[in-house]
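Report on the structure given below.
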Amino acid sequence: LENHSEFASVRANASVKSGRWMYEVMLHTAGIMQIGWASKRCMFSVADGVGDSPNSYAYDGARLVHWNNRLYQGYGQQWVQGDVIGCCFDVSRGEISFTRNGESLGVAFTNIRRRADTSFYPALSLSQNECV
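Following this line, the structure appears as C-alpha cells:
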C-alpha cells in the first residue's frame, strides 16, 4: 500500500468486538505513519487520520508517539524501513499495545471505552510517499 496524496487513511473491512487480536504491517518506508485501530465513527480526511478522533488509536514510530483524539504522548521506538509493526488489541481488557519486530513496546492505551454496537478495524494513515 503506497500513498501518492498528501495524507491518506485506510480501514480494513473486518472488525473486532471481543477477544484478543493482532495484525502486523511491514514498513517499506520509515516516515510519518499512524498505525492502529479505528471504529466506523472515525471519519478520515486529508487532515485527520488514525488517532485523530476519539474513536481511533495509533502509533507513529517516526515521531515516537501514540495518538488518540488528536492528543499524543511519547511512546515506542524509532522505526526503520523493513520493521514489522504489530498492533495488538485486547478488547475485553480495553487495552491496545504495539510490537516492533516481535518485541513488545508496552501498553499504549488503557480503559478504551466500548459500546455494544462498536467494532474496531485495523487502520492506518500514511503521509505522502510512505509505503507499507
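Numbering (my numbering), first residue to last: 3 to 134. Ideal Cβ placement from N, Cα and C applies to all residues, glycine included.
Can you tell me which of the three DSSP states residue i falls into?
i, result
"L107", "strand"
"P124", "strand"
"T31", "coil"
"I114", "coil"
"A16", "coil"
"Q130", "coil"
"W81", "coil"
"S47", "coil"
"S55", "coil"
Counting C-beta neighbours from all protein chains within 10 Å, is the total for residue i 16 or more, i.e. buried, or is it exposed?
i, result
"D119", "exposed"
"T101", "buried"
"Q75", "exposed"
"R95", "exposed"
"S106", "exposed"
"V86", "exposed"
"E8", "exposed"
"A49", "exposed"
Please name the residue or residues paired with residue i in a DSSP beta bridge.
i, result
"H68", "Y61, Q75"
"R22", "D92"
"V86", "M28"
When the Cα of residue i is compared with those of the options, which residue comes out closest?
i, options, result
"Y123", "C89, Q130, R102", "C89"
"G38", "S127, L73, C133, V134", "S127"
"R115", "N15, K19, A125", "K19"
"V93", "A64, W81, S17, G21", "G21"
Grab the span of the beta strand (DSSP E) containing residue i for me, first residue to last.
i, result
"V137", "An answer regarding residue 137 cannot be provided, because it is not within the stretch 3 to 134 covered by the chain."
"T101", "97-102"
Just checking: is the beta-carbon of residue i within a distance shorter than 9 Å of some beta-carbon in chain B?
i, result
"S121", "No chain B appears in this structure, which consists of one protein chain only."
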